[in-house]
Amino acid sequence: MKKLLVFILAIFMMAPACQAKSVKRDFSSVINESGVEKNSIAISIKDLNSGEVVYSLNDKILMHPASVQKVLTLVPAMEVLGEDYEFSTEIYARGEDGFLIKLGADPYLKSSDLRKLVGNVNLETKKIYIDDSILEKKDWGEGWQWDDDMNVLMPRFNSYNLDGNLLRITVMPTEKGQFATIINPSKYPLVFFNNVVTGDKNDVNVTRDNSVSANTLMLTGTVNKPVVISIPTNNLKRYFNIKLTNLLADKKVYLKQAFIVDKKSDTDKQLDKVTHPVSQAVDDILKNSNNMVSETVAKLAGAKAYGDKGTDITGIKVFNSYCEKKGLDTSKIRITDASGVSKNNLISADFISEFLVKNKDNKVLQRMAAPGEGTLTHRMLPIKNNLKAKTGTHGDSSSIAGFLTTKSGHKYAFCIIINDTTSTVSDMKTLEDYLVREAYLRL
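Adding 11 to a residue's 1-based position in the sequence shown gives its number in our numbering.
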């Protein structure tokens with residue numbers, strides 16, 4: 012009997028080792044068949060309860076994480092801001108004939124919201140003050156690439172956020188073979204070099220000619236139906252001021268001097284405000300990977316935590332402070348922005364999976380996308396009830412990280428990062444899907 016018990020115990024002790032070898036073999040097979048360079052792949056899978064590593068590959072190597080990084084920066088920012096935080100833009104009366112608009116860097120502020128605030132302004136108004144002190148005067152994150160200037164997924168951001176920081180123009184067809192008509196309803200000054208011809212299909216390309224002027228756009232291609240094109244605003248303060256000026260003009264209010272930048276004083280009397288809930292931002296960041304919203308939220312958290320205007324530095328301080336409290340060592344990684352856009356960001360798959368393990372009960376992370384939602388709309392649908400994850404895509408980088416409940420009912424935190432200059436984004440994401448599928452079936 013004693014020998015039998017020893018034999019059974021040995022079998023149970025061997026089972027995890029055999030399982031690990033089997034999983035490693037299955038993963039290696041998937042990777043080898045993918046054509047993606049093995050040394051460009053980092054994987055870390057950990058048991059969600061124990062934190063034990065069940066599979067790893069290049070997991071300690073620092074790599075560009077792309078938008079998976081948003082998971083790391085959003086959780087600390089939300090702890091500072093709180094789930095009841097609201098983005099708020101406010102208008103105050105200053106004296107008998109002045110008004111002050113206090114900007115909240117609200118990433119969801121629209122011209123219609125600004126119109127509501129301007130409704131408080133009267134014909135006797137002589138001065139409009141703008142308090143833009145909530146964020147630093149910096150439009151992009153450190154390491155953002157200048158040639159992404161026209162990328163609508165990476166618009167500029169600062170205290171003057173308005174209309175998603177995107178201009179929208181309409182290209183209208185005319186007679187076949189003739190130049191199209193371009194309509195700019197924003198009243199923001201733009202110069203168009205129009206080489207769009209009315210043809211058989213919509214195929215319009217827009218570039219900004221900075222060598223001529225930052226407001227000069229080159230349009231080429233063909234159009235056969237009206238098409239609306241979004242263009243990143245290149246001067247947010249100017250766009251805001253133009254919109255505000257036009258809204259005041261609609262009320263027959265014409266100022267003799269430009270808007271005055273000044274901080275709100277204790278004697279200013281609040282009249283009205285426009286707010287949007289931070290919950291909207293959480294879903295936008297985790298499900299839609301909104302870069303502008305991610306950066307804004309992190310800076311606002313920095314402003315609240317350190318009692319000054321929000322900056323890249325204060326936002327990163329919020330992250331580092333949170334990680335120290337959680338026992339996470341940030342000395343071997345580098346974070347320079349909140350969204351993961353900057354190629355200066357370097358993080359290991361091991362760090363990200365460990366962050367997930369230590370935050371397994373965090374309510375924010377439960378709002379990551381499931382298959383069928385956001386950036387996972389068309390991915391891994393058969394396991395939609397077993398996966399919550401954040402994806403990342405940037406140039407030659409692709410990534411995915413999150414929580415997986417396997418077919419056997421076990422729960423894991425995982426991170427996959429691929430930095431491969433020779434593979435397509437489609438190939439990298441296909442490999443990610445196969446690896447997650449293997450984990451779901453084998454673990």
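All residues carry an ideal CB built from backbone N, CA and C; glycine is no exception.
From a predicted model like this one, the values you see are computed outputs, not experimental measurements.
* If we ignore side chains and look at the alpha-carbon of each, how far apart do Phe-366 and Ala-309 end up? -> Locating residue 366 in the sequence shown gives position 355, counting from the first residue. Locating residue 309 in the sequence shown gives position 298, counting from the first residue. Whole-angstrom Cα-Cα distance: 17 Å.
* Check Tyr-456 in the structure and name its three-state DSSP category. => Because the chain is modelled from 12 through 454, residue 456 falls outside the range shown and cannot be assessed.
* To do: Measure the C-alpha to C-alpha separation of Leu-178 and Glu-63 and round it to an integer number of angstroms.
  => On the sequence shown, position 167 is the one that residue 178 refers to. On the sequence shown, position 52 is the one that residue 63 refers to. In a straight line, the C-alpha of Leu-178 is about 49 Å away from that of Glu-63.
* Asked: Any contact of the segment 375-395 with the segment 76-89, i.e. 3+ C-beta pairs under 8 Å?
  -> yes
* **6 Å CB neighbourhood of Ile-141 in its chain, flanking five on each side removed** => Residue numbering aside, residue 141 sits at position 130 when the sequence shown is read from its first letter. Closer than 6 Å at Cβ, skipping near neighbours: Ile-112, Phe-270 and Val-272.
* Asked: Comparing alpha-carbon positions, which option in Lys-148, His-389 and Asn-331 lies nearest Lys-343?
  -> One-based indexing of the sequence shown puts residue 343 at position 332. Of Lys-148, His-389 and Asn-331, the residue nearest in Cα terms is Asn-331.
* In whole angstroms, what separates the C-alpha of Gly-152 from that of Met-165? -> Along the sequence shown, one-based indexing puts residue 152 at 141. Along the sequence shown, one-based indexing puts residue 165 at 154. The straight-line gap from Cα to Cα measures roughly 10 Å.
* Asked: Does the separation of the CB atoms of Ile-429 and Ser-51 fall below 9 Å?
  -> For the purposes of this step, residue 429 is taken as the residue at position 418 of the sequence shown. For the purposes of this step, residue 51 is taken as the residue at position 40 of the sequence shown. Yes, Cβ-Cβ distance for Ile-429 and Ser-51 is below 9 Å.
* Burial state of Ile-324, where buried means 16 or more other Cβ atoms lie within 10 Å -> Locating residue 324 in the sequence shown gives position 313, where the first residue counts as 1. Flag for Ile-324 reads exposed.
* Asked: If you draw a straight line from the alpha carbon of Leu-258 to that of Arg-126, how long is it in whole angstroms?
  -> To locate residue 258, count along the sequence shown from 1; it is residue 247. To locate residue 126, count along the sequence shown from 1; it is residue 115. Cα to Cα, the separation comes out at about 6 Å.
* Asked: Going straight from the alpha carbon of Glu-94 to that of Phe-204, what length do you get?
  -> Here the question's residue 94 lines up with position 83 in the sequence shown. Here the question's residue 204 lines up with position 193 in the sequence shown. Cα to Cα, the separation comes out at about 47 Å.
* Where do the N-terminal and C-terminal ends of the alpha helix (DSSP H) with Ala-8 fall, by residue? -> As displayed, the chain neither begins before 12 nor continues past 454, which places residue 8 out of reach and without an answer.
* Hey, could you find the ends of the beta strand (DSSP E) Ser-364 is sitting in? => As a working note, residue 364 is residue 353 in the sequence shown. Note, Ser-364: premise wrong, no beta strand (DSSP E); alpha helix (DSSP H) at 360-369.
* Contact check, Thr-256 vs Arg-105, beta carbons under 9 Å -> Locating residue 256 in the sequence shown gives position 245, where the first residue counts as 1. Locating residue 105 in the sequence shown gives position 94, where the first residue counts as 1. No, the pair does not count as a contact, with Cβ atoms beyond the cut-off.
* **Given 8 Å, three or more beta-carbon pairs between the segment 410-420 and the segment 434-453** => yes
* **Beta-carbon proximity list for Gly-321, same chain, < 6 Å, skipping 5 on both sides** => Locating residue 321 in the sequence shown gives position 310, where the first residue counts as 1. For Gly-321, where only same-chain residues beyond five positions count, the Cβ hits under 6 Å are Leu-146, Lys-310, Leu-311, Gly-313 and Ala-314.
* Asked: Fully enclosed by the segment 98-182, which alpha helix (DSSP H) runs are 4 residues long or longer?
  -> 122-129
* Asked: Among Asn-131, Asp-340, Tyr-199 and Asp-117, which residue has its Cα nearest to the Cα of Ser-305?
  -> Taking the first residue of the sequence shown as 1, we reach residue 305 at position 294. The option with the nearest alpha carbon to Ser-305 is Asp-117.
* Neighbour-count burial assignment, Ser-61, 16 or more Cβ in a 10 Å radius -> Reading the sequence shown from its first residue, position 50 is the one you call residue 61. The residue in question, Ser-61, is exposed, as its Cβ has fewer than 16 Cβ neighbours within 10 Å.
* Under 9 Å, do Gly-115 and Glu-135 count as touching if we go by C-beta distance? -> Taking the sequence shown and counting its residues from 1, one reaches residue 115 at position 104. Taking the sequence shown and counting its residues from 1, one reaches residue 135 at position 124. For Gly-115 and Glu-135, no; Cβs fall outside 9 Å.
* So Pro-87 is in the alpha helix (DSSP H); what residue range does that whole segment cover? -> Taking the sequence shown and counting its residues from 1, one reaches residue 87 at position 76. For Pro-87, the uninterrupted alpha helix (DSSP H) run begins and ends at 80-92, by DSSP.
* Kindly examine the ligand FAD and report whether one of its heavy atoms sits closer than 8 Å to the Cβ of Thr-433. => No copy of the ligand FAD occurs in the structure displayed, which carries no ligand at all.
* Asked: Touching or not, the segment 358-365 and the segment 43-57, by the rule of three or more beta carbon pairs under 8 Å?
  -> Taking 8 Å as the limit for Cβ pairs, the verdict is that the segment 43-57 does touch the segment 358-365.
* Should Pro-184 be labelled buried (16 or more other beta-carbon atoms within 10 Å of its own) or exposed? -> Here residue 184 refers to the residue found at position 173 when the sequence shown is read from its first residue. Under this definition Pro-184 is a buried residue.
* To do: Please state whether DSSP places Asp-70 in a helix, a strand or coil.
  => Within the sequence shown, numbered from 1, the residue matching residue 70 stands at position 59. Looking at Asp-70 - three-state DSSP - the assignment turns out to be coil, as it is neither helix nor strand.
* To do: Name the residue from Asp-431, Lys-422 and Asp-160 whose alpha carbon lies nearest to the alpha carbon of Gly-406.
  => Start at 1 with the first residue of the sequence shown, and residue 406 comes out as number 395. When only C-alpha atoms are compared, the closest one is Asp-431.
* **Cutoff 6 Å; reference Ser-197; Cβ partners in own chain excluding five residues on either side** => As a working note, residue 197 is residue 186 in the sequence shown. Leu-178, listed in sequence order.
* Residue interval of the beta strand (DSSP E) (run including Phe-204) -> For the purposes of this step, residue 204 is taken as the residue at position 193 of the sequence shown. Its beta strand (DSSP E) spans residues 202-209.
* Mind checking whether Lys-337 and Tyr-103 have CB atoms under 9 Å apart? -> Indexing the sequence shown from 1 puts residue 337 at position 326. Indexing the sequence shown from 1 puts residue 103 at position 92. No; because the gap between Cβ atoms is not below 9 Å, this pair is not in contact.
* For the beta strand (DSSP E) that contains Phe-425, what are its first and last residues? -> Here residue 425 is taken as the residue at index 414 of the sequence shown, counted from 1. Counting along the chain, the beta strand (DSSP E) containing Phe-425 begins and ends at 422-430.
* The alpha helix (DSSP H) enclosing Phe-330, as first and last residue numbers -> Mapped onto the sequence shown, residue 330 falls at position 319. That run of the alpha helix (DSSP H) goes 323-337.
* Asked: When DSSP labels each residue in this structure, what does Val-304 get in the three-state scheme?
  -> Here residue 304 corresponds to residue number 293 of the sequence shown, with the count starting at 1. The answer is helix: DSSP assigns Val-304 an H, G or I state.
* Asked: Considering Leu-297, what are the terminal residues of the alpha helix (DSSP H) in which it resides?
  -> Your numbering for residue 297 matches position 286 in the sequence shown. Segment 289-299, the alpha helix (DSSP H) holding Leu-297.
* When you compare each of Asn-69, Pro-87, Leu-73 and Tyr-119 to Val-285 by their alpha carbons, which one comes out closest? -> Walking along the sequence shown from the start, residue 285 turns up at place 274. When each option's Cα is compared against that of Val-285, the closest is Tyr-119.
* **Helix, strand or coil at Thr-256 according to DSSP, with G and I counted as helix** => One-based indexing of the sequence shown puts residue 256 at position 245. In the structure shown, Thr-256 sits in a helix (DSSP, three-state: H, G or I).
* Asked: If you follow the beta strand (DSSP E) that Val-398 is part of, which residue opens it and which one closes it?
  -> As a working mapping, residue 398 is identified with position 387 in the sequence shown. Note on residue identity: the sequence assigns Leu, not Val, to residue 398. Element bounds for Leu-398: 398-405.
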